[in-house]
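Peer 1: The structure is given below, and queries will be raised subsequently.
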Amino acid sequence: MSESVVFSQLSRKFVDNNDKTPDQAQQVIYYSLAIGHHLGVIDCLKAALVCPYEAYREWVATLDAGSEARRKMEGVPRYGEIVIDQNHVVMLARAFDAALARQTPEQQQWSRELLDMLQAIQQEPAIYLMVRRDRD
Numbered sequence: 005m006s007e008s009v010v011f012s013q014l015s016r017k018f019v020d021n022n023d024k025t026p027d028q029a030q031q032v033i034y035y036s037l038a039i040g041h042h043l044g045v046i047d048c049l050k051a052a053l054v055c056p057y058e059a060y061r062e063w064v065a066t067l068d069a070g071s072e073a074r075r076k077m078e079g080v081p082r083y084g085e086i087v088i089d090q091n092h093v094v095m096l097a098r099a100f101d102a103a104l105a106r107q108t109p110e111q112q113q114w115s116r117e118l119l120d121m122l123q124a125i126q127q128e129p130a131i132y133l134m135v136r137r138d139r140d
């Protein structure tokens, strides 16, 4: 069995409703698109970065020991998944940018891809990443 870590990025949201939804309820559903996960809102996630599980652990180990960024990223091995949203952008961007100098070329590529995804979240706060451990 091989394991990997998959970074999935929000690609779009849509409202799962039917024709019988009253107008007032429609307003609540559309409002929920703006504020988060509620009944009737479905997020479509698209895999944006995949790396082998052990390589992910080695990559995360390049972050400063004891840092909040490393603790956040170590949530994948600990809990199986993490969410990265606008609240994490600055912290993670600084940490991965600072770690570039001590990373392998492959790790640097992953860091640059993650930095691009973080920039997308910065520009559009509704975007987020779901990072999940995947067992094939």
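Here the sequence shown is numbered in the numbering used here, starting from 5 and rising by one per residue.
For every residue, glycine included, the Cβ atom is placed at its ideal position computed from N, Cα and C.
Quick caveat: nothing in here was measured; it's all calculated off a predicted structure.
(1) Which same chain residues end up closer than 6 Å to residue 126 when comparing Cβ atoms and leaving out the 5 residues on each side of it in sequence?
(2) Which term fits residue 9, buried or exposed, when burial requires 16 or more other beta carbons within 10 angstroms of its beta carbon?
(3) For residue 11, list the residues DSSP reports as bridge partners.
(4) Please name the residue or residues paired with residue 117 in a DSSP beta bridge.
(5) Please list the segments of the alpha helix (DSSP H) lying wholly inside the stretch 72-101, counting only runs of 4 or more residues, in order along the chain.
(6) Going along the chain, which residues of its own chain have a beta-carbon closer than 7 Å to the beta-carbon of residue 72, five neighbours each way excluded?
(7) On a Cα-Cα basis, can you pick out the residue from 64, 98, 99, 12 that is closest to residue 82?
(8) What separation, rounded to the nearest whole angstrom, lies between the Cα atoms of residue 123 and residue 138?
(9) Residue 115: which of 99, 85, 140 sits nearest, CA to CA?
Peer 2: Taking the coordinates as given:
(1) 93
(2) buried
(3) 53, 135
(4) The partner list for residue 117 (beta bridge, DSSP) is empty, contrary to what the question assumes.
(5) 72-77, 79-83
(6) 95
(7) When each option's Cα is compared against that of residue 82, the closest is 64.
(8) If you draw a straight line from the Cα of residue 123 to the Cα of residue 138, it is about 25 Å long.
(9) The candidate whose alpha carbon is nearest that of residue 115 is 99.
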